[in-house]
Amino acid sequence: MLVFLYRRRLRAHPVQELLAGAGIAIGVALVFGVLLANAGLTSSTERLVHALAGSARLTLVARSPAGFPEGFTNRVRSLAGVQVATSVLRENVTVEGPRGRQAVQLIGVSPSLASLGGISQQELGNGALLLSGGIGLPGGLAETIGARRGGDIAVVGNGARHSLKVGAVITSESVKALAGSPVAVALLAVAQQLTGRSGRVSETLVVPVPGREAEVARELTALAGGRLNVEPAEHELQLLKQATTPNRQSTGLFSAISVMVGFLLALNAMLLTVPERRRFIAELRMQGYDPRQIFLMLAFQAVALGLAASVVGVVLGDVLARTLYHQVPSYLAVAFPISPEQSLSVGLALAAIGCGVLATLLASLSPALDLRPGLPADAIFREAGPAGGLLEPKVLRWSGLLGLAVIALVGALVALVPSLTIFGGVALALAAILLVPPMLGAVGHWFPRITEGRHSAAAMLAASELRAISTRSVALGAIVALAVYGSVAIGGARDDLLHGIEAATAQYHNTADLWVADGSNVFNTDGFPPAATVARLARVHALSSVRVYRGGLIDVGPRRLWVRARPLTDPVMFESSQLIHGDFNHAQALIRSGGWAAVSSGFAGEYKLGLGGRFTLPTPAGAAWFRVAAITTNSGWPAGTITLNGSDYRRWWGSEATALELGLRPGVTPQAGERAVRSALGPASGLQVQTAAQSAVRADGSARQGLRTLSDISTMLLIAAALAVAAALSTNVWQRRARLASLKIQGYRAPQLWVGLLLESIVMIAVGSLVGALVGVYGHALAAHWLTITTGFPAPFSFGGVHVFLTFALVTAIATLVISLPGMAAARVAPRLSLQE
């Protein structure tokens, strides 16, 4: 019977069901696309780390890129509880092929690594590739730079350029996580030669005898002597998790907002069909069906439609996520062996489908209210209005009051407990819906007065229709409000993050006219010997100064921190725009004096550090003590930053340079200075020369890539909004054909109906856009504040009027274009169709 009744409804209203299903599919697509885009890199990178480490359980890790002597591994092998120990060298380099260049992490391994399993055994044939003396590239990387097996590529590392053959292109399914990763694999000796680390390694992977892991860990700690780190082999994943936590927190907030918006889009798509479903229920009751049968039919229809539409939405969301979110963030690839490989998550798909089915079920509750005992079967036909479902004035008032109360409550809760911001963002989506009915009511009250005296049939028609605030018009306005709210809140906070990071990178690079660095690392952490280069550049007449900048990434507990060490002669020691606590000039003086540092807020909060507090850093020379001169933002590196002076860094981490800051003589343009420096370095040099502006632009590009997920979410939201508005408007126009036919009988002509329909729709869309924009700006302000205090990112709030206006205008323009053609077709409806009313 349930199938029979549903088939009967489908035959009666096929287009309506199709459009409702399209709206649900669009909402589910947004939900699933956002969930998939926000799933993060941890799961795929976990597979890559396991592939690299194999069966190793412990690792001995260097505290600086200079590594430790390779012979140290022999001492590890001699420990009684060690079954296997093998050396690994990891260093950032740049590979250049016929079609381009890319920064990668070079992994140098010994043939003995095959005994651990992992990629060397699965793909490299127990060292066959390594013994060839070439380099192995993942298939995705090889395709990007145009490399092929047996072909020549250039490898830039340690400030020099080397030519090398590609020994293999790794494409096996057994190491699928490696296929798109920015890493390269070579024999240890080859990697040492390419990076200038002769006789040095970065870590030793250790397989203990079963049952003796704790004993081996203690022995390794004693052997390290406080100069090396002893960690579990999967410690890299813990560091990555910490480094991506601020990103996950920020994208988590916006994902929650987008998921709620997607759910509500699906719900409102169903609400557009409420009047017809109520009529269908009334017809069934008058035909003798009892309430239980009708209720089961409603539930069956909701589940059937929800499942079908949600499956389509999952497929569409997967396409959106994979189209938009496909690139490895270069800022993370500097520090971790990142894998971008995404797999379809059954759990996420089921969650998105569940949202779609729940939305259809909830929307079915409204028609089910007509099954209440004592309510006449034909109650809907007795209601005022052309389609039923009119909202009473008291409902409009209470809806507005409740919406304002939600906004006030969210503001108070977030001020007291910032961690509730995610809940607040979701609640504001509901507030936007609640504010739509009273706004439509106000417009319906004032619009006739505005158009009074114009003697326009179309304006009179639009005014008449706007006065009747129905479930259908509220659902349409709510869809627009949700779309604008999500886009304004997410896009505005993303712009705040970008503006904050751009201010940081501009100040960071403005200390020099030109920057010379190794490779494409935007954080200036790749080392090279400075002496010969400094001596060569000192003879360049265009330069007034050559200063050595030092820095690196160091592991402190669960964090991989970015340590920046400026020379004492630099005009500033850190960026004033990133200061949170402390006096800028006093902090600079303390840092120059030595033993003081500026630390990011996340690190300071974790170790409960205030101004003047003491902390230690693990260094190759032992534990180093520093005091806090200032507390700053994370300057764009999620795990946090520490800023020292160059002398302190050289004392504890070594003399290796990671960049050179060059000053130009008066009258020398940056372009002329750049040409002179390139000429002095020569074609064999692997060092890159860039102006301060070019360096800042490159760093900003990396930051934008790091915030790509937020951009993806914002883009997906706009795409889903445009599709949802199109589906909703089409549904609205289709449902009103009978009403338009009755107006034709009253004497209205098709052009008048079309203009009236267009004018009414534009007003409703504008109301929804205005509500969404106002609530979106409020959500944007809360999100920006939360990002600053929770993630440590620089995100100063700015109104973003241009973004708000463009979003408002874009949604309104798209909706107007969408309504034009269907509205014209509907206005030509035959008058006899009015008999269906």
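Per the numbering used here, the sequence shown starts with residue 272, numbered consecutively.
Yeah, the Cβ is synthetic: ideal placement off N, Cα and C, and Gly gets one too.
{"Check": "Sufficient close CB pairs (3 or more, under 8 Å) joining the stretch 791 to 799 to the stretch 913 to 922", "Outcome": "no"}
{"Check": "Counted within 10 angstroms of its Cβ, other Cβ atoms place residue 763 as buried (16 or more) or exposed", "Outcome": "buried"}
{"Check": "Minimum length 4: unbroken alpha helix (DSSP H) runs contained in the stretch 450 to 480", "Outcome": "459 to 466"}
{"Check": "Proximity below 8 Å, CB of residue 376 to CB of residue 416", "Outcome": "no"}
{"Check": "Terminal residues of the beta strand (DSSP E) in which residue 841 lies", "Outcome": "Unbroken run through residue 841: none, as it is neither H nor E."}
{"Check": "Cα-Cα separation between residue 698 and residue 682, rounded to whole angstroms", "Outcome": "11 Å"}
{"Check": "Three-state secondary structure (DSSP) of residue 708", "Outcome": "helix"}
{"Check": "Closest by C-alpha distance to residue 1045, when choosing among 1079, 1058, 1061 and 1034", "Outcome": "1079"}
{"Check": "Three-state class that DSSP yields for residue 1051 in the structure shown", "Outcome": "helix"}
{"Check": "Residue 298 vs residue 757 beta-carbon contact at 8 Å", "Outcome": "no"}
{"Check": "Backbone CA spacing between residue 1091 and residue 1035 [nearest angstrom]", "Outcome": "14 Å"}
{"Check": "Proximity test, residue 950 beta-carbon vs the ligand COA heavy atom, cut-off 7 Å", "Outcome": "The model on display carries no ligand, and the ligand COA is accordingly not part of it."}
{"Check": "Length of the line joining the Cα atoms of residue 1076 and residue 1022", "Outcome": "31 Å"}
{"Check": "Under 8 Å between C-beta atoms of residue 501 and residue 492", "Outcome": "yes"}
{"Check": "Exposure of residue 663, with buried meaning 16 or more beta-carbon neighbours within 10 Å", "Outcome": "exposed"}
{"Check": "Whole-angstrom C-beta distance between residue 759 and residue 1056, which should lie under 8 Å", "Outcome": "In fact, because the Cβ distance is near 16 Å, the residues do not count as touching under 8 Å."}
{"Check": "Exposed unless 16 or more other CB atoms sit within 10 angstroms - verdict on residue 557", "Outcome": "exposed"}
{"Check": "Any 3 or more C-beta pairs closer than 8 Å across the stretch 796 to 815 and the stretch 866 to 877", "Outcome": "no"}
{"Check": "Cβ neighbour criterion (16 or more within 10 Å) applied to residue 479", "Outcome": "buried"}
{"Check": "Residue 373, DSSP secondary structure in three states", "Outcome": "strand"}
{"Check": "Residue 350, DSSP secondary structure in three states", "Outcome": "coil"}
{"Check": "Limits of the alpha helix (DSSP H) - the one that residue 220 falls within", "Outcome": "The first residue shown for the chain is 272 and the last is 1108, placing residue 220 beyond what the model contains."}
{"Check": "Range covered by the alpha helix (DSSP H) that runs through residue 942", "Outcome": "941 to 952"}
{"Check": "Contact with chain B by residue 699, beta-carbon distance below 8 Å", "Outcome": "No chain B appears in this structure, which consists of one protein chain only."}
{"Check": "CA nearest to the CA of residue 789, picked from 967, 363, 331 and 674", "Outcome": "363"}
{"Check": "Outcome for residue 1084 when other beta-carbon atoms lying within 10 angstroms are tallied against a minimum of 16", "Outcome": "exposed"}
{"Check": "Nonlocal neighbours in the same chain, by C-beta distance under 7 Å from residue 858, ignoring five residues either side", "Outcome": "869, 900 and 901"}
{"Check": "Candidates 512, 1061, 703 and 675: closest to residue 1039 by CA position", "Outcome": "703"}
{"Check": "Closest Cα partner of residue 352 within the set 408, 458 and 489", "Outcome": "489"}
{"Check": "Euclidean distance between Cα positions of residue 1088 and residue 753", "Outcome": "19 Å"}
{"Check": "Limits of the unbroken alpha helix (DSSP H) element including residue 874", "Outcome": "872 to 877"}
{"Check": "Entirely enclosed beta strand (DSSP E) segments - the stretch 771 to 828, minimum 3 residues", "Outcome": "785 to 789 and 814 to 827"}
{"Check": "Residue 827 versus residue 834 - alpha carbon distance", "Outcome": "11 Å"}
{"Check": "Distance, residue 458 Cα to residue 382 Cα", "Outcome": "8 Å"}
{"Check": "Between the CA atoms of residue 473 and residue 503 - distance to the nearest angstrom", "Outcome": "15 Å"}
{"Check": "DSSP beta-bridge partners of residue 835", "Outcome": "822 and 914"}
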